[in-house]
Structure formats: C-alpha cells, structure tokens
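Structure first, then comments.
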Amino acid sequence: MSARTPMGPFRLGRHFSADLPTVEAAARGGGPPAAGPTTVRGLMIAGTHSGVGKTSLALGLMGALQGQGASVAPFKVGPDYIDPMYHSRVVGRPSRNLDTWLMPVDEVRAVFARGLQAAAPAPGQTAGSPPPGTQTAVSLGGVGGAPGVVGLVEGVMGLFDGRAGAGDDCSSAQIAKLLGIPVVLVVDSSSMARSAAAIVHGFASFDPAVRVVGVILNKVASPSHARMLRESVEPVLPVLGLVPRRPELGLESRHLGLVPTVEREAVDVVLGEIVKHVEEHVDLDALLALAGHLDLPVFESPPLGGSSRRRIGVARDRAFSFYYQDNLETLEDEGATLEYFSPADGEACSDCDALYLGGGFPEVYAAELADNEPLRRLVKEMADEGRPIYAECGGYLYLGEEITYQGERHQMAGVLPLSTTLEKTRLRMGYASGRAQSPHPLSGSEFKGHLFHYSRTTGPHRPAYCITKRDEEFQEGWAGRELVASYLHLHFRGSRAVARWLAGTSESGRKRN
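Here the sequence shown stands for residues 3 to 515, where the numbers follow our numbering.
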C-alpha cells in the first residue's frame, strides 16, 4: 500500500449513515468482534493548533485507508457534532465522540471499544467491507494483506489544549494517553522551514507520556519548500507526508462550524478530492507501521440492558442533525425503539410514546418547519398529554412560538411561550454544569454538558437548569413534569439518568409505562 497507489474511483453513497437513520441502524453493528484474529490499530491525528488542516487530513486518511481495505472506526475528541458527520460520510459508519468532561473515563474507553467492535468484520466479510445492508462508502482497493480495523481519532484544537490553561483535561493528549494510542502531529508549514523542526521537537518532548510518532507537514508551498522541510524535520521525527496547499478543497463553514454534510450537495466531490490529495502525498504504509496495536477484548463494553417498551420519535434531518451516536445507542440499550422522521420534509412521527428533538439549524429551515402543520399539532398534543419530550438547542427553539431569521418570522410548535432571534455574535460556548431545577423530571441532579449557540430566546421562562460555566452562573431552558428543553447538550454516556427517564426505565418512567 504505497502513498501513490491509486485507490480507484472514489464513490460515496448519495445517502449515508450520518444522514439517514435507516442506513445508520444497519451500519452501526455493535456486536462482538468477528471470529478469528482481527488486527486492530489505533492512531490519533492532532494539530499544533486550530486551523492547521487536521480535519481535512483526518478525512483524507480515513477515506484513503478505507479505500485500501481497512475497516476504519472514526472518532472525534471533544463535543463537536459536525466533524463526525464528515467522518461518517467518508467511511460509511458512525463516528463517535471521546470527551472526559461529558462522560467518565471508563465510558470513554467503552465508547472507543464499541466503535472498534462495530468496525470489526463479521464472519464472511473482509476488512473494509461495509456491514450487510449498507451502501459502499468507497470502492475497495486490494484487500489482500488488508490492515484490519483502524481506530482513527481526530483531535481537537491543539494537541495539549484542553478545558483549562493548566493540566490536560479534555485535551487530545489526555485521550491519547487514556487509550494508549500514538499521535501523528499535523503542522501548518506555511512561511517556515527549519522552524518547523523546533515546533515538532517541542511537541514531541513536552509530555513524555504522549507518544508523538510522526509528522504530516501541511500547506506546503512548493517542491523546494518540501525539500527544506523534510531536511529539517526528519532528524527529529519521521515525516509521513508533505501535503501541498489546496485552498479550493476547504470545507464551508457556518456560525457553529463546518456546514453539516446533510446540507452539502457537492460534498461527495469535495471529499473525494481531499482523499485523493492525501493519498498522493502521505505514506500510508509508514503511517500504519507507526499506529499502535490494540487488544480489542481489553476494552469490551458490557451491554447496559433495559426493559423499556417506549417508542421514541427522533427528529433527524437537515434541520435537526446534532446527535451523538452513543446517545441513540444508549436509548436502544435501555430497550427503547427509535423512530426517525424528517420535520423539514413534512414528516411526523407515528404513535410515539416520547419525543427527542436534537440540535441543528432549525432557523435555516424555519419556513419548511412552519409548513409542517401536522407535526406542529402533534408535538403540541404530546406535550399537553404529558408524553416525555427531550429537546436540545435547536429542538428547544422549535418548541417555542416562533423563530425570526433574516428578518422573517416563522411559526413553530407553540409548546413554550418563547420567541427566538439569531444574533451576529456567539452568545455561549464551552463546557458547563447544570443542576436540574424543579419541575425537571430529574430535579436536583447534576449534569455536565456543552453550550454553543448564537440564538437568543425571549419570553417567560421556567428554567430547566441552573448553569455554572467557569465563574458564571445563570438559569436557562424550560422544564415541565415530562418535558426538558435547554441549550445544554448532554452525552448520555455521562448523563445516563436523562436517557433512562426518556426511555422509561427510571423509576418515574416505569410508573408511566
């Protein structure tokens, strides 16, 4: 598998596991590893700082390795929703978040294990083959001597950047040490030559417990620039790639980050070009040789088990796309059945016992949501009847009276007496703790989550949480006997009580079943 071996035409399915839940259910897998030995490797792609191009390089590596026969299990450090959508679009299976603020350390390991196990070939499959019933994400190259399962983790910000200035909490470095995987460092080599060696030396030696094993030099200006970089950096660490600058391969962004893949008609073309570009300029053989070998059984995740009989409607489409894969699986582990539907396409859930409205960009599709009168009536009826409703961020906005976007007002579900407007500057961002306020179904409980929004709600409030964020304290959201709506994003591996309430396996939930 050489850096310049063509991998064949890059083909992504028109629809995709991160976008269509019907495909995702089949792609998720999650069963035990295949019978017989499966080679499992792990590697992190981290940057010196934000903006070095690690997301594009991680996507290119995922696609290139998958195209050469590996079964890539994608992961993202931190709470981000959108990068994992791009991961999933490339490899054809869900990407998972690894975050020590959102969940305990043991749960991080369990999430990593589950992702690796879901990527392990089932009996009769070759590595790199998608699970039965799914569309092929990329055309598979020579699978003889395939590298098996590769857990590829995209870092967040700079390698050592975390929740605070001191310590490595919530950093890529912490996750690499926790999982025992080596790190490939991405360096933006613009306007430098030998100075790149000093940067690499500093990162490689800063924390001896973090194994930085190689470097990809990105945004290289010319062949002569590439030679200078290689001569200066290789005495410090192996240079795995010298990737030329290609501004036209940038991914579009919006106020919350990259534009979700569910919105991009040309995303397949752009991702295909990124994969080809990376394959041409990164030595995949050398990369895999430096990846850490993992013992898959060490990280086995026991089934949670549950007895829920609830059918939960999950709004999932271009308007509501912010869901952690493990949130959905935790609800299923509790025994709930999930029914996916698309509010922006005029769909409504059938006879569901509960409703899960995730985050996303409802303001962008407010006109389509307003036109879906049957769903607006149904959601209002479910709230009036006291059926459980859990809404985060975009879902919270949808439960209000109206959303004003680009000067136009659009009617929403009308469950909460709130109006929403979009601001030009970000209002909240970062990790936060929330204490559930009465009449929250879990009043008094503490939860750790993440805030990131540009919208502002006005009107009377019955706060769901008292939020603590660094030295700031405030109340936000809306709570009812069987309703929780908030800007606070939770990961159910760390906030299992919310999942059990929604699934009906908590004490209060069982009383309703």
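For each residue, glycine too, the CB sits at the ideal point set by N, CA and C.
When the options are compared against residue i, the one with the closest alpha-carbon
i, options, result
"L359", "V381, D347, P96", "V381"
"L242", "V214, A501, D82, V269", "V214"
"T57", "A175, F449, A356, L187", "L187"
"D355", "Y325, Y326, G315, L161", "G315"
"F322", "H51, A48, M87, A60", "M87"
"G337", "V280, Y489, R312, M194", "R312"
"Q450", "W480, F476, L492", "Sequence check: residue 450 is Lys here, not Gln. The residue with the shortest Cα to Cα distance from K450 is L492."
"V272", "V92, E484, S73, A499", "V92"
"A211", "I177, L231, A198", "I177"
"R498", "A66, L104, Q70", "L104"
"E383", "A434, G396, D353", "D353"
"G416", "Y433, A372, R458", "A372"
"V238", "G204, A168, K221, V222", "G204"
"G446", "L453, E331, V500, E156", "V500"
"G69", "E236, V277, E365", "V277"
"H295", "L118, D473, D101", "L118"
Helix, strand or coil at residue i according to DSSP, with G and I counted as helix
i, result
"A393", "strand"
"S323", "strand"
"S421", "strand"
"Y342", "strand"
"N329", "helix"
"D190", "strand"
"T470", "strand"
"W503", "helix"
"T1", "Absent from the structure is residue 1, since the part of the chain shown begins at 3 and ends at 515."
"F449", "strand"
"R437", "strand"
"F162", "coil"
"L485", "strand"
"R247", "coil"
"L380", "helix"
"M87", "helix"
"M431", "strand"
"V366", "coil"
For residue j and residue i, the rounded distance between their alpha carbons
i, j, result
"P345", "R495", "27 Å"
"L154", "E375", "43 Å"
"P106", "E341", "29 Å"
"D319", "F343", "7 Å"
"H463", "R430", "18 Å"
"L219", "C351", "48 Å"
"H89", "H455", "23 Å"
"D85", "G388", "35 Å"
"R209", "L161", "Residue 209 is actually Asp in this sequence, not Arg. The straight-line gap from Cα to Cα measures roughly 11 Å."
"I391", "G348", "20 Å"
"S191", "T460", "46 Å"
"D101", "T41", "25 Å"
"Y83", "E331", "16 Å"
"K471", "G62", "36 Å"
Residue(s) in a DSSP beta bridge with residue i
i, result
"S457", "L424"
"M43", "The sequence shown places Arg at residue 43, rather than the Met named in the question. Beta-bridge pairing links R43 to V152, H295."
"H491", "H452"
"A178", "A178 pairs with nothing; no bridge assigned."
"Y407", "E410"
"E76", "The question names Glu, but residue 76 is Pro in the sequence shown. In DSSP, P76 forms a bridge with L154."
"F476", "I469"
"L286", "The partner list for L286 (beta bridge, DSSP) is empty, contrary to what the question assumes."
"G216", "V186"
"I314", "L340, A356"
Exercise. Does the region 463 to 474 come within contact of the region 73 to 87, defined as at least 3 CB pairs closer than 8 Å?
Worked result: The region 463 to 474 vs the region 73 to 87: no contact.
Exercise. Do the region 496 to 508 and the region 399 to 411 make contact, defined as three or more Cβ pairs closer than 8 Å?
Worked result: No contact exists between the region 496 to 508 and the region 399 to 411.
Exercise. Any chance the region 438 to 445 sits against the region 412 to 425, with 3 or more Cβ pairs inside 8 Å?
Worked result: Under the Cβ criterion (8 Å, minimum of three pairs), the region 438 to 445 does not count as touching the region 412 to 425.
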